[in-house]
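If you count by the working numbering, then the sequence shown holds residues 983 to 1168, one letter each, in order.
For reference, the structure is listed below as structure tokens.
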Amino acid sequence: MDIILPNSIERILLDEATIQQRVQQMADIISTDYAGLRNEEFLLVGVLKGSFIFMADLARRLTVPHRVDFIALSSYEDSAAATGAVRMIMDTRADVARRHVLIVEDIVDTGYTLQYLYRIFGARQPASLRTAVLLSKPDRREVEVTVDYLGFQIPDVWVVGYGLDYADRFRTLPYIAMLKPSVYEK
Ligand code: IMP
983 MDIILPNSIE
993 RILLDEATIQ
1003 QRVQQMADII
1013 STDYAGLRNE
1023 EFLLVGVLKG
1033 SFIFMADLAR
1043 RLTVPHRVDF
1053 IALSSYEDSA
1063 AATGAVRMIM
1073 DTRADVARRH
1083 VLIVEDIVDT
1093 GYTLQYLYRI
1103 FGARQPASLR
1113 TAVLLSKPDR
1123 REVEVTVDYL
1133 GFQIPDVWVV
1143 GYGLDYADRF
1153 RTLPYIAMLK
1163 PSVYEK
């Protein structure tokens, strides 16, 4: 069956089945790595808003006990240009000290956001600190950051859907897609 694309979408990069299959694989690996922990020992921290769908799908596929929490960071102010400046808007409710923390992020681009998260959470004495990231654009990296669980590498293009936005639009598309250039040029 052909999928009818919204007008602004150029093409689908990762379709729904491909994403779901990969999220399942990631959940299986994470469930193995974190086996044996109690609910209060394993904390998933989703980075809002972009990770909310990835977080929901990943967390529901884990077979190990875990808690979920969220933080919110400042965005690129509706543009595709990174500044490197990251600011926290909302912190976690849970105390991360002595917990095994897994940061759940939608995409690593320049790397500044993950670098900031490693610094902030690393200073809070977690039992361990790792990252699960759905997408990576290696060509855009400005600072080296470790990604422990990665979904897909993608080329240097702006993508939307599955939680990712352009100017707060397109987040709830079930696939990950490229926008038509006319959308940014407006
Ligand atoms: P970094 O700090 O440059 O690595 O950027 C990470 C953040 O930039 C992500 O959490 C996203 O919010 C945003 N971002 C980077 N590339 C894209 C994209 O292609 N689509 C949507 N958001 C993006």
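Quick reminder that beta carbons are idealized off the backbone N, C-alpha and C, glycines included.
What residues match up with residue i in a beta bridge as DSSP calls it?
i, result
"MET1070", "LEU1055"
"VAL1050", "LEU1026"
"GLY1143", "LEU1146"
"ARG993", "MET1160"
Would residue i pass as a contact of residue j if the rule is Cβ separation under 9 Å?
i, j, result
"THR1113", "VAL1127", "yes"
"THR1074", "ARG1122", "no"
"ARG1042", "ASP1010", "no"
"ILE1012", "LEU1096", "no"
"GLY1143", "TYR1166", "no"
"ARG1106", "ALA1079", "yes"
"ILE1035", "ARG1151", "no"
"GLY1032", "ASP1051", "no"
"LEU1019", "ILE1136", "no"
"LEU1155", "ILE991", "yes"
"LYS1162", "ASP1138", "no"
The beta strand (DSSP E) spanning residue i covers which residue range?
i, result
"GLU1087", "1082 to 1090"
"VAL1115", "1110 to 1118"
"TYR1131", "1131 to 1135"
Considering just the uninterrupted stretch of the alpha helix (DSSP H) at residue i, what are its terminal residues?
i, result
"GLU998", "998 to 1015"
"GLY1104", "1094 to 1104"
"PHE1034", "1034 to 1043"
"PRO988", "From DSSP, PRO988 is part of no alpha helix (DSSP H); its letter is neither H nor E."
"VAL1165", "1163 to 1167"
Go ahead and label residue i buried or exposed: buried means 16 or more other beta carbons lie within 10 angstroms of its beta carbon, across all protein chains shown.
i, result
"ILE1071", "exposed"
"ARG1069", "exposed"
"SER1056", "exposed"
"ILE985", "exposed"
"ARG966", "There is no way to answer for residue 966, as the model of the chain reaches only from 983 to 1168."
"ARG1101", "exposed"
"ALA1175", "Summary: the structure shown does not reach residue 1175, with the chain confined to residues 983 through 1168, and so no result is reported for it."
"PRO988", "exposed"
With distance defined between alpha-carbon atoms, name the residue in the options nearest to residue i.
i, options, result
"THR1045", "ARG1004, ASP1051, GLU992, THR1014", "THR1014"
"TYR1094", "VAL1086, TYR1131, ALA1067", "ALA1067"
"LEU1026", "ASP1138, LEU1155, SER1110, LYS1162", "SER1110"
"ASP1039", "ALA1076, TYR1016, GLU1087", "GLU1087"
"GLY1133", "ARG993, SER990, GLN1006", "GLN1006"
"TYR1131", "PRO1137, LEU1161, LEU1116", "LEU1116"
"ASN1021", "HIS1048, ARG1004, THR1000", "HIS1048"
"LEU1146", "VAL1090, ASN989, PRO1120", "VAL1090"
"ASP997", "GLU1023, VAL1141, LEU1099", "VAL1141"
"ALA1076", "PHE1024, LEU1099, TYR1098", "PHE1024"
"LEU1030", "SER1164, PRO1108, LEU1099, GLY1104", "LEU1099"
"GLN1002", "TYR1016, ALA1017, MET1037, ARG993", "MET1037"
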